[in-house]
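Accompanying notes for the structure given below.
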Amino acid sequence: MKAASTISAILVFLTLLLIGADIVVEGAAGLSIGTLTDAVRDGGRAGGLGPIILSTVIVLAGSILFALPLALGGAVLKTELLRHHSRLARGVMGAFEVMVSVPSVAIGLVGWSLFSQWLGLGFSLLSGCLTMTLIIVPIMTVAFIGGFEMVPAGLRMNSLALGVTRWQTFWRQVVPSARPALAAGVTLAIGRVTAETAALMLTSGISTRTPESLGDPGATLAVHVYHMARHVPGGESMAYTTSLALLLICIAVHVALARLKKESAA
Amino acid sequence: MATPTIEYVAEERTGESRIGWIALGALGVLAIAMIPGVLIYLLVTGSGVLDRTHLPTLFSTEWYPGEEIFGLVPLVLGTLTTSALGLLIAVPVGLGSVIFFRFYSPASITRLGESTLGVLSGLPSVIFGLFGTVWMVPIFGPSLLVAGVVLAMMILPTFAMLTLAAFRQIPKGTMESGAALGLRREQMIGRLALVVTRPRLIAAAGVSLTRALGEALAVEMVCGNVAAIPDGITAPVRTLTTTLVQEFEYATGAHREALHLVALAVVLLAAIGATLAVRMASKQVSS
Chain D
28 MKAASTISAI LVFLTLLLIG ADIVVEGAAG LSIGTLTDAV RDGGRAGGLG
78 PIILSTVIVL AGSILFALPL ALGGAVLKTE LLRHHSRLAR GVMGAFEVMV
128 SVPSVAIGLV GWSLFSQWLG LGFSLLSGCL TMTLIIVPIM TVAFIGGFEM
178 VPAGLRMNSL ALGVTRWQTF WRQVVPSARP ALAAGVTLAI GRVTAETAAL
228 MLTSGISTRT PESLGDPGAT LAVHVYHMAR HVPGGESMAY TTSLALLLIC
278 IAVHVALARL KKESAA
Chain B
-12 MATPTIEYVA EERTGESRIG WIALGALGVL AIAMIPGVLI YLLVTGSGVL
38 DRTHLPTLFS TEWYPGEEIF GLVPLVLGTL TTSALGLLIA VPVGLGSVIF
88 FRFYSPASIT RLGESTLGVL SGLPSVIFGL FGTVWMVPIF GPSLLVAGVV
138 LAMMILPTFA MLTLAAFRQI PKGTMESGAA LGLRREQMIG RLALVVTRPR
188 LIAAAGVSLT RALGEALAVE MVCGNVAAIP DGITAPVRTL TTTLVQEFEY
238 ATGAHREALH LVALAVVLLA AIGATLAVRM ASKQVSS
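Keeping their order, the protein sequence lines are chains D and B.
Counting from 1 along the first sequence, just add 27 to a position and that's the residue number in the numbering used here.
Take the second sequence: its position 169, counted from the start at 1, is 156 in the numbering used here, and no numbers get skipped.
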C-alpha cells in the first residue's frame, strides 16, 4: 500500500510540475514589457493582454457587485430569518448546496438565450456579469452561511441582552466577526469567475478589442486561452502567456484562501 | 448626563429595521429562486422540440441539426464515457496520494501536497485542455482517451482535497483504538480509515463526477467532436456540453430549442452526481 500511495503522490506532484513548467517556460517566452497593457494585435499572435485583463476585471467586479447583496440575503434568510434547525432552514441550505454543482455551461446557455438574445444585450460584458452572478451566488451564499453560523452564540446573546436591536447586532457583531469567512466566500467567487470559460464565451464573447462600455463584448483571460489555442493558428504562444497570468492569479487566490481560513479558525 | 444608559437604549431601539430585514429576505428569496428559474426556462424553451416530429429523433443515434434530427444518444454516451474514464483515473490516484499524505509522508511533504492540490484545483480547466492539446493530441489524436485524461487531471485535486478533509475528520479515538488493538498501518488504513470515511469518499467522487460531466471547453479542445457511438478508446467523441459551445452561435428555430434540451440533459446528469454527494455527505460516520 505504501508503494502504490507513494506513486500516486508522485503523480500528483508531477502533474503540477509538468503543467507548471510547461506554462512558465512557454509563457515566459512570450512575455514583454507591454504584455499587461498592450492591445491585442494580429488576432492575438502579437501584442499584449491589455483589453483581456480589462474585460476580466470588469466581469469580476460586476458579477461580485451583483452577487454580494443576493448572497447576503440568501445567508440572512437561512441564519437570521428562518427558525434554526427547522425543516425549511435545512431545505434552504440543501438547495444552495445543490445549486453550487449546476454545470456552468447550462447557466451560460440560459445567459446567452435570456440576456444576450431575449433582452437584446448581445455578446456583452453586462450579459457576462449577469450570467456569472447566477453562477457565483450559490457559492458565496454557502460560504456566508458557514461564516454566520460560526459566530459564537454568546456574542449575539450578549449584544441582544444589552438592548441592542437584532438589526444592529447583525451588522455590528455578526458581520464583523464573520468577516474572514465572508472574504473567503468572495475569494472563492473570484477564483470561479477567473476560471470560467464556457459560460463567458456564450455571453461576453471572444472579442479582443478594448471594451468601452458594459455593452461591449470582451474575452476574459480563460476565454482567451481557449480562443488562442483552438481557433487562432499560431496563437499557442499567447495562450501560454495568458495561462501564466492565470496560474499566478490561482496561486494568489490559493494563498489568500489559506490565510483567511487560518484567520477564521483563530 | 443623568441617564445615559436609557438614552442609549432608546436610541438603539429605533435602530431596528423592519424594512432592512424584509429587503434582505426578499434578496434571499430571489437568490434561491434564480437557479430553479434557470432550469424552468431550459425546460420551457427546450420543450419546443418535444412535439410529434422531433420527439422520436431524440432517441436516435444521429445528431443532424440541419435535418432536424436531434439524437441525444451519442452525446449522452460521449459525456458518460469521458467522465467515467476521468473518474476511473482520478479516484485511485487521488485516493492513493491522500493515503500517502495522511499516513506515510512527513508533515512538510503533506503541507506541500496540500498546497499543490489547492493550486491545481483552482486552475482554469482550459489550462488542462491546452496541456492535452499540446502534449497528448499529437500522440493519441483527439479522442475519448485524451478527453478522459484531461478530465482526470482536472477533477483529481477536487477529489483528493475532499478525501483529505474526510480523513482529517476521523475521530482520533477510532484510530487510537485501532492502534491499541495492534493493527498494522495497512490494516488501519484499509479496515478503519477507508471504512469509516466511505460515505464521504463516495460524496467526493460524486462532486468530481459532477464537475467532469459539466466541463465544456477543456473537453472540446481534445475530444474530436464526432457525434457517433465511440467504437474504441481512441475514437473521437462528442459530448452534450461540447455540442452547446460549438453550435449555439448559429442555432435557430428547432435547433436552438434542442440546445436548451441538451443543456437540461447536462443538468440532469450532473444532478445524479450532486444528489449522491449531498446524500452521502449528510450520512453520519458511524464509529
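For every residue, glycine included, the Cβ atom is placed at its ideal position computed from N, Cα and C.
- By DSSP's assignment, R68/D forms a beta bridge with A73/D.
- Sequence-distant Cβ neighbours of A249/D in its own chain, meaning closer than 7 Å and more than five residues away, are T221, A222, E223, T224, L273.
- For V137/B, the closest Cβ of chain D is not nearer than 8 Å.
- Interface criterion met: the Cβ of G100/D is under 8 Å from a Cβ in chain B.
- For the pair of segments examined, the segment 184 to 194 of chain B was found not to touch the segment 95 to 107 of chain B: the number of CB pairs separated by less than 8 Å stays below three.
- Rounded to whole angstroms, V31/B and S151/D show a C-alpha spacing of 25 Å.
- Sixteen is the threshold: since fewer than 16 other Cβ atoms of the shown chains lie within 10 Å of the Cβ of A166/B, the residue is exposed.
- With respect to chain D, the C-beta atom of H242/B has no partner C-beta closer than 8 Å.
- The alpha helix (DSSP H) runs lying completely inside the segment 145 to 202 of chain D and spanning 4 residues or more are 152 to 177, 180 to 188, 193 to 196, given in chain order.
- For E53/D, the uninterrupted alpha helix (DSSP H) run begins and ends at 29 to 56, by DSSP.
- In this chain, the alpha helix (DSSP H) harbouring Y28/B covers 5 to 33.
- Under the Cβ criterion of 8 Å, M120/D is not counted among the residues facing chain B.
- With a cutoff of 8 Å on beta-carbon distance, G260/B and L170/B are scored as not near each other.
- Counting of Cβ neighbours within 10 angstroms places F123/D among the buried residues, the total reaching 16 or more.
- In its chain, beyond the 5 residues on either side, L87, I91, V280 have a beta carbon closer than 8 Å to the beta carbon of I217/D.
- Residues of chain B whose Cβ lies closer than 7 Å to the Cβ of E290/D do not exist; the shortest such Cβ separation is about 16 Å.
- Burial is judged here by how many other beta carbons sit within 10 angstroms of a residue's own beta carbon; K29/D has fewer than 16 and is exposed.
- Within the segment 219 to 239 of chain B, those residues whose Cβ lies closer than 8 Å to any Cβ of chain D are, in chain order, T228, L231, V232, F235.
- Of all residues in the segment 37 to 62 of chain D, only L38, V39, F40, T42, L43, L45, I46, D49, I50 come within less than 8 Å of chain B when Cβ atoms are compared, listed by chain position.
- Residues of the segment 51 to 73 of chain B with a Cβ closer than 8 Å to any Cβ of chain D: none.
- Beta-bridge partners assigned by DSSP to F118/B: none are found.
- Any Cβ of chain D closer than 8 Å to the Cβ of L179/B would place that residue at the interface, and such an atom is absent.
- Here DSSP, grouped into helix, strand and coil, assigns I56/B to strand.
- Around the beta-carbon of D243/D, 16 or more other beta-carbon atoms lie within 10 Å, marking it buried.
- The beta carbons of G77/D and L63/D sit closer together than 8 Å.
- Counting C-beta pairs with one atom in each stretch, the segment 105 to 121 of chain D and the segment 283 to 291 of chain D have fewer than three that are closer than 8 Å, which means they do not touch.
- Residue range 94 to 109 is occupied by the alpha helix (DSSP H) that includes E101/B.
- The alpha helix (DSSP H) runs of length 4 or more contained entirely in the segment 227 to 273 of chain D are, from start to end of the chain, 248 to 258.
- Considering only F87/B, Y91/B, L117/B, the residue with the shortest C-alpha distance to T269/D is L117/B.
- Taking the Cβ atoms as the reference, R257/D lies roughly 6 Å from M208/B, within the contact range of under 8 Å.
- Shortest Cα-Cα distance from R206/D to any of L187/D, M177/D, L229/D, S131/D involves M177/D.
- Counting every other CB atom within 10 Å of its CB across the protein chains shown gives S82/D a total of 16 or more, marking it as buried.
- Between the segment 85 to 100 of chain B and the segment 133 to 141 of chain B there are fewer than three C-beta pairs closer than 8 Å, too few to call the two in contact.
- Just measuring C-alpha positions, the residue of Y267/D, K289/D, K288/D sitting nearest R72/D is Y267/D.
- Under DSSP, W50/B forms a beta bridge with F57/B.
- Between I233/D and H254/D, the C-beta gap is smaller than 8 Å, which places the two residues in contact.
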